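Residue numbers (numbering that gives the first Met the number 0), protein chains in the order written: chain H, 0 to 216; chain U, 0 to 216; chain P, 0 to 218; chain A, 0 to 218.
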Amino acid sequence: MEVSPLDRNGMAAWCARDIPEGWLVNLGIGIPTLVADFVPPEHEVIFHAENGVIGVGPAPAPDAVNPFLINASTTHVTLRTGGSYMHHADSFAIARGGHLDLCVLGAFEVAENGDIANWARSADEPVKQVGGAMDLAIGAQRLWVVMEHTTKEGEARIRQRCTYPLTAKGVVKRVYTNLAVLDVAPHGFVVRDMVRGMTLEALQARTEAKLHTEFSR
Amino acid sequence: MEVSPLDRNGMAAWCARDIPEGWLVNLGIGIPTLVADFVPPEHEVIFHAENGVIGVGPAPAPDAVNPFLINASTTHVTLRTGGSYMHHADSFAIARGGHLDLCVLGAFEVAENGDIANWARSADEPVKQVGGAMDLAIGAQRLWVVMEHTTKEGEARIRQRCTYPLTAKGVVKRVYTNLAVLDVAPHGFVVRDMVRGMTLEALQARTEAKLHTEFSR
Amino acid sequence: MIDKFVHCMADAMADIADGSTVLLGGFGDVGIPTALLDGLIEQGARDLTIVVVAGGRDGSAIERLLSLGRVRKLICSFVRPASLAGRLLQRGDLEVEVVPQGTMAERMRAAGAGITGFYTPTGADTLLAEGRETREIGGKLCLLEYPLPGDVALIEAWSADRWGNLTYRDSARNFNPVMAMAAQLSIAMTRNVVPLGELTPETIVTPGIFVDRVLHVPL
Amino acid sequence: MIDKFVHCMADAMADIADGSTVLLGGFGDVGIPTALLDGLIEQGARDLTIVVVAGGRDGSAIERLLSLGRVRKLICSFVRPASLAGRLLQRGDLEVEVVPQGTMAERMRAAGAGITGFYTPTGADTLLAEGRETREIGGKLCLLEYPLPGDVALIEAWSADRWGNLTYRDSARNFNPVMAMAAQLSIAMTRNVVPLGELTPETIVTPGIFVDRVLHVPL
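Okay, here's the thing in structure tokens:
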């Protein structure tokens, strides 16, 4: 059977279906932002954007753009009924203070100890893009990562230890890739789901860390 | 000539006339609260109350009391046009953050080094009443004290060093008493004004600290 | 559908455990969630630590809780000697931690904001600093303070919607918003119930994400 | 009478000194006081430290200030490699301090609130903590952060009255309120001018006590 890796929307949808109603969720830049498109509006999930928006809604119709309303990716959004605004310090109080039920971020690498690297490709890279990722990663009740399973060159991004500079230690709880869903358990990565046609052997071949199938050993 | 010590209102009025228009001022409990009564409304001074009121106005008419609006002394007040509300943490950010042009407090004792004691009469007093005085004392741009020049028993409250537990060190800039106005200068208390009939000798007799008449020596 | 309204006091007070730290909003007689305090008395939790601006006058809402012996410790900015709290303290029947009022508010904000400690000049030169960690920063002696989280917060609001978004009236705001963000379980009573979307987004003071339960207690 | 309105850009920008630290509101293209930034360019102050969420894209409001060589240092949460700030940094022509965005906002709030230092887990386990003071609190490694005050803040508001009370529109609030409280001299531009008393007291976001000058710049 042929393997069907997911595209960006497929990964976002895979993540979206696991978000229970009522959660407060922050979505990072990139694929994570797409997750909101796959949560049906009647399923009340409250999306938080670091720039002080609580209750981010879908993109506006092209003729109904509010120039004063953007999300953390600086794209125009709407506000859901019941939404509100706060300033940047209060907004990050939400992130740092443990009020987010979930944060979904992109990453370069995730390690089996829950470490995440998503802000710099090397320690001596001159231009660094921290943004709000470090505040979100340490503060959310749970951090999920959505990313391609390997680099374009086929190198593993699911690793025993991260090789890039860390964003935070021991915080990732789950990873959605174009091939699988992995939970981070005390003993390492546990395969929770795989795309159609994928085998554990084939997945392991694309993964540097050891993959487990049991949630405890 | 006979000495005419001021009453509580007289002391408050003496202080009030030295407050320039435009200042943000916090008034402590007791005589300081009366100061607002002697600032004419057309002279725009903004009074801050620790419980989150900016722009405290005069007492309401008895038939127009708003039960949701009190000052830090928990008495009913009005809100001046232009006033606003904030929560307690933001309100004390104003105090601690140096945004008050002036804070006026009562005290048990003030010392020539600017120390103030206004919260406890001894270190082993079991019941202590800190309130917001310590936050206000360290944070305001200038701290003025309004108090009786001596205790009821005639003991000096204007001292070389405070004998009661301190509220803050080196913060008092001026003292208004029922007898005189004293500035706290680097070399000690300087007499700025005295009530009618008072002499420097008579004032010194009621004062433990040395009184100066020159602002520098 | 998110709906944080509970429809009776028993549901509002459910699962408040003995030994809880309870943050109690209000200043003077304004913004105190009196009905919730009565509900807490009814509910029966004991051995409580109460965080509140002051020990309360005799006749105040908190006096009854104290008089029933349900409070182990009071964290507050002052206690009047002529009050039940003052008398209990002097008899050694109540543990009291006196905290400067601004520090108290800031410690709760820190708890809500994930700030694990902060330095303030407040009280650093006083008896309150004895035996505690200080540091000179920018020429000022500063005191290290730690967050003050609650297991429960009891909040009084003016208006609320089903998401738990809250507004407050006039100076009834006081400690309520910081307490709402500092507690694991924030329980609000509201004087008014409004449909979702009726509160203007720019004017919501406490977003519902800080609120777990809302009980309608009309004025 | 308190009247914080100034009637021309020159008055708004008066006395901004060379070497100043300027807090610049905005996030993305929203809430940036572009007219005031243009005024600052005109005014001529140089050797500036600019605190702003990001180094800006090419074509952004801050690019011109950078291109004129007026900025000595940028304190921000990220710099795009493909931007003037990124190119200047890589050439060594611009000093950049990268600060996590939440820490940046909190450091300004601390400056405005008289908090002289605070601990946060943010970044404590990363390169950003190298050589800096950390402490374990409650089992978490935390980084000691200091306040980030400004000499000047440039603020964009939606409505203002003569006391300098401000409201913001939608997500244009962002950094503006914390910057207003963190600077010695806070200069706001407002899209709308309203009579004193027209802003509902409960809905004022930045009270005028944090604002020194207001310039009306209609939309």
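Quick reminder that beta carbons are idealized off the backbone N, C-alpha and C, glycines included. On a predicted model such as this, the values are computed, not experimentally measured, just so you know.
Which residue marks the beginning of the alpha helix (DSSP H) containing residue i, and which one marks its end?
i	result
residue 105/P	100-112
residue 89/H	87-95
residue 9/P	8-11
residue 35/P	33-42
residue 13/H	7-15
residue 200/H	199-204
Can you name, in chain order, every residue of its own chain whose Cβ lies under 7 angstroms from the Cβ of residue i, other than the five neighbours on each side?
i	result
residue 71/A	46, 47, 48 and 94
residue 194/P	160
residue 115/A	146
residue 62/A	55 and 83
residue 166/A	156, 157, 158, 198, 202, 203 and 204
residue 17/P	44, 45 and 46
residue 42/A	12 and 15
Would you mind working out which of the options sits nearest residue i, comparing C-alpha positions?
i	options	result
residue 164/P	96/H, 54/H, 49/H and 105/H	54/H
residue 242/U	59/U, 1/U, 184/U and 103/U	A query on residue 242/U cannot be resolved here, the shown segment of chain U reaching from 0 to 216 and no further.
residue 129/P	188/U, 123/U, 109/U and 186/U	123/U
residue 91/H	52/H, 170/H, 30/H and 108/H	52/H
residue 31/P	173/P, 160/P, 213/P and 98/P	173/P
residue 38/H	152/H, 56/H and 170/H	56/H
residue 40/A	57/A, 11/A, 29/A and 28/A	11/A
residue 56/P	37/P, 68/P, 78/P and 38/P	78/P
residue 96/P	113/P, 104/P, 76/P and 90/P	76/P
residue 158/U	67/U, 118/U and 113/U	113/U
residue 23/H	31/H, 43/H and 29/H	43/H
residue 126/A	173/H, 21/H and 164/H	164/H
residue 0/A	131/U, 40/U, 169/U and 190/U	40/U
residue 37/A	29/A, 8/A and 213/A	8/A
residue 116/U	16/U, 166/U, 185/U and 62/U	166/U
residue 218/P	190/P, 103/P and 19/P	190/P
residue 60/H	78/H, 21/H, 47/H and 71/H	78/H
What does a CB cutoff of less than 6 angstroms around residue i pick up in its chain, not counting 5 residues either side in sequence?
i	result
residue 50/A	22 and 74
residue 243/P	With chain P running from 0 to 218 in the structure shown, residue 243/P is simply not present.
residue 26/A	52 and 173
residue 99/P	121 and 122
residue 207/P	162, 163 and 164
residue 85/H	51
CB-CB under 8 angstroms to residue i, same chain, minus the five flanking residues each way: which ones, in chain order?
i	result
residue 131/P	142 and 143
residue 87/H	49, 50 and 51
residue 135/H	25, 27, 49, 94, 99, 102, 104 and 142
residue 81/P	57
residue 124/A	140
Could you pull the start and end residues of the beta strand (DSSP E) that residue i belongs to?
i	result
residue 223/P	The requested residue 223/P does not occur in the structure, where chain P is confined to residues 0 to 218.
residue 77/U	77-84
residue 28/A	Taken as a continuous stretch (DSSP letters only), residue 28/A belongs to no beta strand (DSSP E), as it is neither H nor E.
residue 32/H	Taken as a continuous stretch (DSSP letters only), residue 32/H belongs to no beta strand (DSSP E), being part of the alpha helix (DSSP H) at 30-33.
residue 150/P	149-159
residue 48/U	45-48
residue 61/A	Element bounds for residue 61/A: not the beta strand (DSSP E) but the alpha helix (DSSP H), 60-66.
residue 23/H	23-26
Quick check: is the beta carbon of residue i nearer than 9 angstroms to any beta carbon in chain C?
i	result
residue 37/U	In the structure shown, chain C does not exist; the protein chains are H, U, P and A.
Stretch pair the region 153-161 of chain A + the region 179-197 of chain A: three plus CB contacts closer than 8 angstroms: yes
Chain A contacts made by the region 71-91 of chain P, where a contact means CB separation under 7 angstroms: none
Cβ contact (3+ pairs, closer than 8 angstroms) linking the region 134-142 of chain P and the region 113-123 of chain P: yes
The region 1-9 of chain U touching the region 193-202 of chain U, judged by at least three CB pairs closer than 8 angstroms: yes
Any 3 or more C-beta pairs closer than 8 angstroms across the region 6-20 of chain H and the region 204-212 of chain H: no
Chain H contacts made by the region 161-174 of chain A, where a contact means CB separation under 9 angstroms: 167, 168, 169, 170, 171, 172, 173 and 174
Within 8 angstroms of chain P by C-beta, residues of the region 43-61 of chain U in sequence order: 48, 49, 50, 51 and 52
Inter-stretch contact at 8 angstroms, needing at least 3 Cβ pairs: the region 141-157 of chain H / the region 107-125 of chain H: yes
Contact residues within the region 115-143 of chain U, judged by C-beta distance below 9 angstroms to chain A: Of all residues in the region 115-143 of chain U, only 134, 137 and 138 come within less than 9 angstroms of chain A when Cβ atoms are compared, listed by chain position.
Proximal residues, the region 175-204 of chain P versus chain A, C-beta separation under 9 angstroms: 199, 200, 201, 202 and 204
Contacting positions in the region 23-54 of chain A - beta carbon closer than 9 angstroms to chain U: none
Proximal residues, the region 65-89 of chain U versus chain P, C-beta separation under 9 angstroms: Taking a C-beta cut-off of 9 angstroms against chain P, the contacting residues of the region 65-89 of chain U are 65, 66, 67, 68, 69, 70, 71, 72, 73, 74, 76, 78, 84, 85, 86, 87, 88 and 89, listed in chain order.
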